[in-house]
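This is the structure:
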């Protein structure tokens with residue numbers, strides 16, 4: 020599989036993360052043992068299934084450590100910005116959906132399990148029923164990106180900001 024991006028792990032100094040073309044896959048490898056340690060998977064297909072491949076690809080990622088939290092921020096061709104909590108996967112989620120997302124009828128669930136000796140944190144969709152009050156209004160403006168997200172930057176002072184850029188030249192700043 021084609022490697023799209025590399026990043027160092029924020030806490031494990033011997034680990035490197037690589038994003039691969041398809042299935043929004045990010046895998047972390049221990050350089051000292053050459054073992055795959057952890058995988059992030061945001062695809063409609065079963066985790067680590069390479070016979071079925073979505074075109075969604077992580078184009079940019081940041082590994083961060085704040086307090087007791089170690090996490091990744093990822094984004095890419097599906098125009099979504101995701102937060103992956105490596106210690107508490109159920110706390111993971113989409114920070115900002117794409118401008119064209121329609122996730123009204125679904126609830127995203129993040130789980131983890133061991134597959135072939137690798138811990139996999141994966142995203143699944145469950146149908147949910149909405150009350151009338153929960154439905155978005157048609158006049159609500161979309162805040163997400165309209166094109167592939169190509170880069171992520173973060174600032175710490177004077178405030179914490181997440182900055183993203185997209186292929187169509189738009190830069191967005193998130194608090």
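In this note's numbering, the protein residues as written are 20 to 194. Cβ coordinates follow ideal geometry from the N, Cα and C atoms, glycine included.
| request: Look at the Cβ atom of residue 58, then the Cβ atom of residue 74, and state whether they are nearer than 8 Å. | output: Their beta carbons are not under 8 Å apart, which means residue 58 does not touch residue 74 by this criterion.
| Once you ignore the five residues that flank residue 170 on each side, which residues in its own chain have a CB closer than 6 Å to its CB? | 79 and 184, listed in sequence order.
| query | In this structure, does DSSP put residue 85 in helix, strand or coil? | reply | Reduced to three states, the DSSP call for residue 85 is strand.
| said: Among 26, 101, 56 and 31, whose alpha-carbon lies nearest the alpha-carbon of residue 137? | reply: Taking only the C-alpha atoms, the option nearest residue 137 is 56.
| query | To the nearest angstrom, how far is it from the Cα of residue 31 to the Cα of residue 167? | reply | Going by C-alpha positions, residue 31 is about 29 Å away from residue 167.
| Residues near residue 82 by beta carbon distance below 7 Å, same chain, minus five either side | Around residue 82, the same chain offers 26, 27, 28, 29, 36 and 91 as residues with beta carbons nearer than 7 Å, after the five sequence neighbours per side are excluded.
| field | Straight-line Cα distance separating residue 51 from residue 119 | value | C-alpha separation (whole angstroms): 42 Å.
| request: Ignore the nearest five residues each way along the sequence and tell me which others in residue 192's own chain have a CB closer than 6 Å to its CB. | output: By the criterion of a C-beta distance shorter than 6 Å, residue 192 is surrounded in its chain by 180 and 182, once the five residues flanking it on both sides are discounted.
| query | Could you give the distance in angstroms between the alpha-carbon of residue 71 and the alpha-carbon of residue 178? | reply | It is roughly 42 Å from the alpha-carbon of residue 71 to the alpha-carbon of residue 178.
| request: Under 8 Å by Cβ, that's how I've got residue 139 and residue 60 pegged, so tell me the actual separation to the nearest angstrom. | output: Contact flag correct, Cβ pair sits at about 6 Å.
| Taking DSSP as the reference, what is the three-state secondary structure of residue 99? | Collapsing the DSSP output to three states places residue 99 in coil.
| request: Report all residues from its chain with a CB closer than 6 Å to the CB of residue 77; omit the five preceding and five following residues, and keep chain order. | output: Closer than 6 Å at Cβ, skipping near neighbours: 38, 43, 45, 93 and 95.
| task | List the DSSP bridge partners of residue 130. | result | Bridge partners of residue 130: 141.
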